[in-house]
Amino acid sequence: MTTLTAGEVEVTPPRRRTWGWTRGLGVSGWLSIGVLVLVLLLAVVGPLLASQDPNEGNLAQGFGAPSVEHWLGQDANGRDLLTRLVVGARTAVIGPLLVVVASTILGTVLALAAAWFGGWFDTAVARVVDAVFAFPGLLLAILATALFGAGLPAAVAALSIAYTPYMARIARSAALRERGMPYIAALRVQGIHGLSICVRHILPNIRTLVLANATISFGFALIDLAGLSFIGLGVQPPTADWGAMVGEGLAGILQRYPQESFYAGALIVATVAAANVLGDRLTTRSEGRS
Amino acid sequence: MTTPLLQVEALNIALPVDGELRTVLHDVSFSLEPGRTVGLVGESGSGKSMTARAVARLLPPGARVRGRLEFDGASIVDLRGEALRRYRAGDVSMIFQDPRSAINPVRRIGDFLTEALRINGGMSSRAAGARAVELLAEVGIADGARRLRQYPHELSGGLLQRVMIAATLAVRPRLILADEPTTALDVSTQAEVMAILGRLRAEYGMAMLFITHDLDLAAAVCDETIVMYAGSVVEQHRGASLHEDPLHPYTAALAQARPDIDRATRRLPAIPGYPTTAYEVPPGCAFAPRCPHAVAACTTQEPQLVPIGDGHSRCIRAEELRGRMLTGPSTTEGVA
Chain P
1 MTTLTAGEVE
11 VTPPRRRTWG
21 WTRGLGVSGW
31 LSIGVLVLVL
41 LLAVVGPLLA
51 SQDPNEGNLA
61 QGFGAPSVEH
71 WLGQDANGRD
81 LLTRLVVGAR
91 TAVIGPLLVV
101 VASTILGTVL
111 ALAAAWFGGW
121 FDTAVARVVD
131 AVFAFPGLLL
141 AILATALFGA
151 GLPAAVAALS
161 IAYTPYMARI
171 ARSAALRERG
181 MPYIAALRVQ
191 GIHGLSICVR
201 HILPNIRTLV
211 LANATISFGF
221 ALIDLAGLSF
231 IGLGVQPPTA
241 DWGAMVGEGL
251 AGILQRYPQE
261 SFYAGALIVA
271 TVAAANVLGD
281 RLTTRSEGRS
Chain S
1 MTTPLLQVEA
11 LNIALPVDGE
21 LRTVLHDVSF
31 SLEPGRTVGL
41 VGESGSGKSM
51 TARAVARLLP
61 PGARVRGRLE
71 FDGASIVDLR
81 GEALRRYRAG
91 DVSMIFQDPR
101 SAINPVRRIG
111 DFLTEALRIN
121 GGMSSRAAGA
131 RAVELLAEVG
141 IADGARRLRQ
151 YPHELSGGLL
161 QRVMIAATLA
171 VRPRLILADE
181 PTTALDVSTQ
191 AEVMAILGRL
201 RAEYGMAMLF
211 ITHDLDLAAA
221 VCDETIVMYA
231 GSVVEQHRGA
241 SLHEDPLHPY
251 TAALAQARPD
261 IDRATRRLPA
271 IPGYPTTAYE
281 VPPGCAFAPR
291 CPHAVAACTT
301 QEPQLVPIGD
311 GHSRCIRAEE
321 LRGRMLTGPS
331 TTEGVA
């Protein structure tokens with residue numbers, strides 16, 4: 001709290017810590033939260049909302065124009081676009097979510113262990129992290145699908161490994177800074193177990209940074225997985241998925257029917273932008289606080 | 001003489017700096033009997049904190065330790081894993097200079113105070129909370145229940161240091177390492193904290209290694225005071241006459257560099273030059289370059305710790321200078 005003008009002090013009453021994480025998000029931050037909540041909600045309840053079968057089409061109605069029955073029109077196979085977009089939210093979101101959860105847990109655990117033990121273990125973790133950094137995530141994912149077959153599981157596993165170094169590097173430097181604080185020494189002299197200090201003291205102090213990075217990773221993972229589905233290595237047809245729909249819509253673009261690619265692409269862009277903006281706001285705030 | 005609780009003998013510590021090992025402690029020896037207080041005095045970088053950290057096993061990674069370091073007859077240097085954790089949890093506690101940075105800022109006072117009780121003492125959180133309120137009462141904090149719900153930033157430095165002391169009491173250690181516990185506090189709070197510390201120590205019979213750069217405080221609190229310079233012990237002094245009867249020119253210089261309430265001085269005499277670190281000590285006496293009493297022999301002959309008066313002094317002129325140093329040439333030089 002270094003730069004507070006007199007006016008702000010008077011206007012803003014001291015907030016309780018319990019709600020501290022919502023502080024300083026700003027309009028863009030809140031808007032991003034709104035978009036992400038909507039998308040996640042869609043992923044959870046989307047398939048329940050759909051009144052039509054996303055995979056059943058009428059070839060005679062290929063590239064059907066918007067109508068009362070098909071609000072957004074139909075794709076090349078005459079399937080309802082709105083239904084496919086709504087249902088596709090789940091497959092589009094679940095992959096990146098798994099990647100973020102896996103890479104965050106793996107990265108944070110590695111970072112805490114490296115910062116805590118130091119020495120050769122820290123060096124080893126740093127080297128492995130550097131080595132994985134050298135491979136672009138998408139390349140690793142393509143490699144994995146080549147080895148284990150196209151589809152979401154192989155791609156998610158590969159991306160989880162590819163995303164771990166980012167989390168590990170950021171969390172490690174934060175954990176290392178925290179590790180050197182006198183209060184950690186004080187806890188050690190109290191005979192508190194190392195694991196307990198890591199989990200109950202260091203982790204809570206680096207959580208904003210971890211959360212911020214996880215949010216940004218979600219956006220990137222969504223793009224990577226959508227890209228894989230786009231080139232046909234991710235989600236397999238006929239399953240509805242935003243990335244796959246951008247790819248399937250390509251043929252339509254040439255026939256002056258860009259709707260499918262456009263709608264699916266717009267949803268991807270909106271989700272990724274929201275994740276990036278929110279992650280950025282969270283990062284800025286966590287930096288401002290320390 | 002009882003068996004010492006803490007025995008330090010010929011302790012040498014070197015830390016890795018830029019790939020080379022640099023000596024920070026050189027042949028430090030002293031012992032501490034149960035229930036007694038030994039003071040460590042010296043400028044920043046003289047090695048006093050490093051000594052306490054060695055006892056708490058909090059040295060930076062890569063530190064090389066030589067010499068004996070024994071607690072209750074057992075070596076501390078070789079403690080590992082569970083044995084080290086038990087030693088820290090039950091036998092030794094440390095009070096830090098800045099309580100604000102020694103307590104996790106994002107957790108409540110209650111979490112901090114009850115953590116050791118719950119984890120190492122196996123208490124339920126309700127029992128630990130009740131015990132924490134008792135502990136706070138012992139350090140003079142009456143509204144303990146309310147304090148337990150507060151965060152560190154809501155408490156003053158003096159209150160926090162009392163919380164720190166309360167946390168120390170929770171484990172009732174046999175040895176307290178107090179690393180400048182009052183330096184970050186204002187003077188009236190200092191007196192309160194020292195009074196609490198003294199009372200509790202007497203009550204529970206805990207030994208204390210008291211680190212300070214305040215000679216008067218050391219003389220008042222400690223049964224024995226050890227003055228350190230450049231990683232070595234230069235004076236060992238029993239009793240409370242440290243500042244009145246210094247045995248080493250460095251102690252005398254420190255004593256003169258503090259204000260005296262009976263003496264009007266416009267400018268306090270400072271010790272000329274810079275404090276030397278242990279790894280760059282010149283041949284002969286480490287303090288010789290800054291010493292007003294240095295003679296030619298001081299730069300060639302390495303002084304030994306020799307018994308004199310109530311203690312020991314590492315000065316080749318200790319005997320002839322004794323009693324003359326406080327009025328010696330340094331006062332006139334300081335003015336000139």
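Residue numbers (the UniProt record's numbering), protein chains in the order written: chain P, 1 to 290; chain S, 1 to 336. For glycine and all other residues, C-beta sits at the position ideal for the given N, C-alpha and C.
Three-state class that DSSP yields for residue i in the structure shown
i, result
"threonine 37 of chain S", "strand"
"valine 65 of chain S", "strand"
"glutamine 301 of chain S", "coil"
"glutamate 82 of chain S", "helix"
"arginine 16 of chain P", "The predicted position of arginine 16 of chain P is uncertain, since its pLDDT is 45 and thus under 50; a value taken from the coordinates is nonetheless stated next. Looking at arginine 16 of chain P - three-state DSSP - the assignment turns out to be coil, as it is neither helix nor strand."
"methionine 94 of chain S", "strand"
"valine 139 of chain S", "coil"
"glutamine 150 of chain S", "coil"
"serine 232 of chain S", "strand"
"glutamine 74 of chain P", "strand"
"valine 306 of chain S", "strand"
"tyrosine 274 of chain S", "coil"
"glycine 64 of chain P", "coil"
Those residues which DSSP pairs with residue i across a bridge
i, result
"histidine 237 of chain S", "S:Thr225 and S:Gly311"
"proline 99 of chain S", "BP columns for proline 99 of chain S are empty, so no partner."
"methionine 208 of chain S", "S:Thr37 and S:Ile176"
"phenylalanine 71 of chain S", "S:Leu6 and S:Ala74"
Neighbour flag for residue i against chain P, beta carbons, 8 Å
i, result
"methionine 94 of chain S", "yes"
"leucine 58 of chain S", "yes"
"glycine 47 of chain S", "no"
"asparagine 120 of chain S", "yes"
"serine 330 of chain S", "At serine 330 of chain S the pLDDT is 44, less than 50, meaning the model places this residue with poor confidence; the figure from the coordinates comes in the next sentence. No, its Cβ sits nowhere closer than 8 Å to a Cβ of chain P."
"alanine 83 of chain S", "no"
"alanine 297 of chain S", "no"
"residue 400 of chain S", "Because chain S in this structure spans residues 1 to 336, residue 400 of chain S falls outside the shown range and cannot be described."
"glycine 157 of chain S", "no"
"proline 269 of chain S", "no"
Neighbour flag for residue i against chain S, beta carbons, 8 Å
i, result
"alanine 270 of chain P", "no"
"serine 196 of chain P", "yes"
"arginine 188 of chain P", "yes"
"arginine 24 of chain P", "Going by the sequence as given, residue 24 of chain P is glycine instead of arginine. Glycine 24 of chain P does not count as touching chain S."
"isoleucine 206 of chain P", "no"
"tryptophan 185 of chain P", "According to the sequence as given, residue 185 of chain P is alanine; it is not tryptophan. Answer yes: the Cβ-Cβ gap between alanine 185 of chain P and chain S drops below 8 Å somewhere."
"threonine 2 of chain P", "Residue confidence is low: threonine 2 of chain P scores 44 on pLDDT, short of 50, so the model does not pin down where it sits. Its coordinate-derived value is still stated next. Not an interface residue."
"methionine 181 of chain P", "yes"
C-beta atoms of residue i and residue j nearer than 8 Å
i, j, result
"alanine 155 of chain P", "leucine 233 of chain P", "yes"
"phenylalanine 230 of chain P", "proline 96 of chain P", "no"
"glycine 311 of chain S", "leucine 217 of chain S", "no"
"glutamate 9 of chain S", "glycine 67 of chain S", "yes"
"valine 35 of chain P", "alanine 221 of chain P", "no"
"methionine 94 of chain S", "aspartate 179 of chain S", "yes"
"isoleucine 316 of chain S", "arginine 290 of chain S", "no"
"leucine 135 of chain S", "glycine 110 of chain S", "no"
"serine 125 of chain S", "threonine 114 of chain S", "yes"
"alanine 191 of chain S", "glycine 157 of chain S", "no"
"threonine 23 of chain S", "leucine 40 of chain S", "no"
"asparagine 77 of chain P", "valine 106 of chain S", "no"
"methionine 228 of chain S", "isoleucine 176 of chain S", "no"
"alanine 141 of chain P", "leucine 228 of chain P", "yes"
"isoleucine 197 of chain P", "arginine 207 of chain P", "no"
"alanine 171 of chain P", "leucine 195 of chain P", "no"
"isoleucine 268 of chain P", "alanine 226 of chain P", "yes"
"alanine 43 of chain P", "valine 93 of chain P", "yes"
Limits of the alpha helix (DSSP H) - the one that residue i falls within
i, result
"serine 32 of chain P", "26 to 49"
"aspartate 224 of chain P", "203 to 230"
"phenylalanine 117 of chain P", "81 to 117"
"leucine 321 of chain S", "318 to 321"
"glutamine 255 of chain P", "First-last for glutamine 255 of chain P: undefined, no H or E at that position."
"tryptophan 242 of chain P", "242 to 248"
"arginine 188 of chain P", "182 to 189"
"isoleucine 142 of chain P", "137 to 148"
"methionine 167 of chain P", "152 to 179"
"methionine 50 of chain S", "48 to 56"
Limits of the beta strand (DSSP E) - the one that residue i falls within
i, result
"isoleucine 13 of chain S", "6 to 17"
"leucine 25 of chain S", "20 to 32"
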